[in-house]
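Participant: I have a structure here, written as structure tokens, and I will follow up with some questions on it.
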Amino acid sequence: MVLTLKTMEVNKVQKKIRVTPYELVKYQVITSLIFFRKEHLIPSDIEILSMLALWGPVELSKFCNAAAKVLYGPMEPEEFSVRAQNVRNRVSKLEKRKIVVKSRDNKKL
-3 MVLTLKTMEV
7 NKVQKKIRVT
17 PYELVKYQVI
27 TSLIFFRKEH
37 LIPSDIEILS
47 MLALWGPVEL
57 SKFCNAAAKV
67 LYGPMEPEEF
77 SVRAQNVRNR
87 VSKLEKRKIV
97 VKSRDNKKL
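Numbering follows the working numbering, in which position 18 of the sequence shown is assigned residue number 14; successive positions increment by one, without gaps.
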């Protein structure tokens, strides 16, 4: 049995665009996790990971509160704790999948 590799021709396209730091980080998250590692992520997971990458190490409750404001925009005070808990739940799932790592004291991401 002989295996032969087919060659394919690729046209190189060079295009320059301006992106924000957030868009650049989001692109890197998508490329490394979805394309290379074949992880299945929902859009809010991608947003959360992008914020974590940009904001650096941060205390979990502060991150959840700030991320809820970014993800959900203006909201009623009674909705805020529910939205922040949604973010915390997503972070917990990402941690279980070994995508996010908490510090040793379990307070910082």
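Beta carbons: idealized from backbone N, C-alpha and C, even for Gly.
(1) Could you check how far apart the C-beta atoms of E55 and I95 are, in whole angstroms? I think they sit under 8 angstroms.
(2) Let me know if S28 comes out buried or exposed under the rule of 16 or more other beta-carbons within 10 Å of its beta-carbon.
(3) Would you say the stretch 51 to 65 touches the stretch 77 to 84, given that touching needs at least three Cβ pairs under 8 angstroms?
(4) Tell me which residue opens and which closes the alpha helix (DSSP H) that F76 is part of.
Facilitator: Judging by the given coordinates:
(1) Here the question's residue 55 lines up with position 59 in the sequence shown. Here the question's residue 95 lines up with position 99 in the sequence shown. Rounded, the Cβ-Cβ distance is 19 angstroms, inconsistent with contact.
(2) Sequence index remark: in the sequence shown, residue 28 carries index 32 (1-based). The residue is exposed, with fewer than 16 neighbouring Cβ atoms inside 10 Å.
(3) yes
(4) Within the sequence shown, numbered from 1, the residue matching residue 76 stands at position 80. Per DSSP, F76 belongs to the alpha helix (DSSP H) from P73 to K92.
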